[in-house]
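Take a look at the structure set out below.
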Amino acid sequence: MSRRRDRQKLASANALPGFPVAKIEALGRQMAIAVGNQLGVQTPYAHPVSTPRGPSLRIACKPLITRDDDGRMPLLVIREPKGQDGVFLEVAVDYSWDAGMHYLTHVSLKLYTGPAPNASALRFRAEWDPREAARLHAQPHWNIDKGDDDTAPLNQPGDQAPWIPAAKLAPWLAPEPTNSEPSLDLKKFHFAMAAGWEREAPHHSTPIADESALIRWMAGCTGYIRDQVSGV
């Protein structure tokens, strides 16, 4: 068992910091075109941003639509909002730079819904992390971030005014039972997207074969999200 652990540690130490990319700018342009074609976006392009995790590209369009007040995080429109039902897509491509080579470290497609880009909530995301340490979870995969709101907004019509003291429970009435069980955080659940279980494959992660395969995955994933949104 110790030899197996040693081999795993050695493989991890020798692993590349990500998927090697010769020219990140060129790859970003191809990704922008592939994603833009799926959404009918005019003049898509790769918008460079700086994040706490390092440099990143965001697929954007002109005029620029962003979800943050600083105008740094672009979104693409899947469905124009009519009330609360706007649907927006953020496409993020994170990378690093090491020894004269770009390394792709993380790709994500995040779906937001809401009345406006800067007033939208993250619902779910599709991700592909090519780093060796990430293969514990399925790659690529889906993550759920937010379901239906489970808390009512404050000051709804009919709510008691905040300046009126709340009524006290009569001493002979038993308090309503509360659920002390911890809630299940599904944000940490990785839903496998390309596992080969039907072929009795022993793994649930698929490495990125090449840049063309990654671009096809991004285009296909974008098109699938678009089609699913049209049915809800």
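All residue numbers for the sequence shown refer to the working numbering, where the first residue is 21 and numbers rise by one.
Beta carbons: idealized from backbone N, C-alpha and C, even for Gly.
| Do the segment 50 to 66 and the segment 97 to 116 meet, that is, are 3 or more Cβ pairs less than 8 Å apart? | yes
| Does the distance from the CB of tyrosine 130 to the CB of arginine 145 come in under 8 Å? | With the sequence shown as reference, residue 130 is identified as lysine, and tyrosine is not the correct amino acid for it. Result yes, Cβ atoms of lysine 130 and arginine 145 sit closer than 8 Å.
| Residue range of the beta strand (DSSP E) that serine 114 falls in? | One point to set straight first is that residue 114 is aspartate, not serine, in the sequence displayed. Aspartate 114 -> beta strand (DSSP E) spans 106 to 118.
| request: Compare the beta carbon distance of asparagine 138 and arginine 87 with 8 Å and say whether it is the shorter of the two. | output: yes
| Looking at the structure shown, is glycine 240 part of a helix, part of a strand, or coil, going by DSSP? | helix
| Expressed to the nearest angstrom, what Euclidean distance is found between the alpha-carbon atoms of histidine 126 and glutamate 231? | A direct Cα-to-Cα measurement between histidine 126 and glutamate 231 gives close to 13 Å.
| query | What is the DSSP secondary structure of glutamate 100, counted as helix, strand or coil? | reply | coil
| field | Touch test, the segment 83 to 101 against the segment 37 to 52, Cβ-Cβ under 8 Å, three pairs minimum | value | no
| Length of the line joining the Cα atoms of proline 222 and alanine 158 | 12 Å
| query | Are glutamate 133 and valine 97 closer than 8 Å when you measure CB to CB? | reply | Going by the sequence as given, residue 133 is threonine instead of glutamate. Going by C-beta atoms, threonine 133 is not nearer than 8 Å to valine 97.
| Anyone know if the C-beta pair for arginine 78 and proline 101 falls short of 8 Å? | Judged by their CB atoms, arginine 78 and proline 101 are not nearer to each other than the 8 Å cut-off.
| Looking at the unbroken beta strand (DSSP E) that takes in leucine 204, where does it start and where does it end? | Leucine 204 -> no beta strand (DSSP E), and no H or E assigned at all.
| task | Give the range of the alpha helix (DSSP H) segment to which glycine 56 is assigned. | result | 44 to 59
| message | Which residue wins for smallest C-alpha separation from glycine 60, given the options Glu147, Arg99, Ile235? | response | Arg99
| field | Expected contact under 8 Å - CB spacing of isoleucine 228 and proline 150 to nearest Å | value | Going by Cβ atoms, the distance from isoleucine 228 to proline 150 rounds to 5 Å, so yes, they are a contact pair.
| request: Indicate the three-state DSSP secondary structure (helix, strand or coil) for serine 140 in the structure shown. | output: coil
| request: Find the nearest neighbour of arginine 49 within the set Pro40, Gly38, Thr63, judged by alpha-carbon distance. | output: Thr63
| field | Simplified DSSP state of glutamate 218, which is helix, strand or coil | value | helix
| query | Under a three-way DSSP split, which group does isoleucine 79 fall into? | reply | Note: isoleucine 79 maps to strand in three-state DSSP.
| Start and end residues, beta strand (DSSP E) containing methionine 121 | 121 to 134
| query | Is the Cβ-Cβ distance between glycine 74 and serine 128 less than 8 Å? | reply | no
| Under a Cβ-count criterion, where at least 16 other Cβ atoms within 10 Å of its own Cβ denotes burial, should threonine 242 be classed as buried or exposed? | buried
| said: Which residue marks the beginning of the beta strand (DSSP E) containing serine 225, and which one marks its end? | reply: Unbroken run through serine 225: none, as it is neither H nor E.
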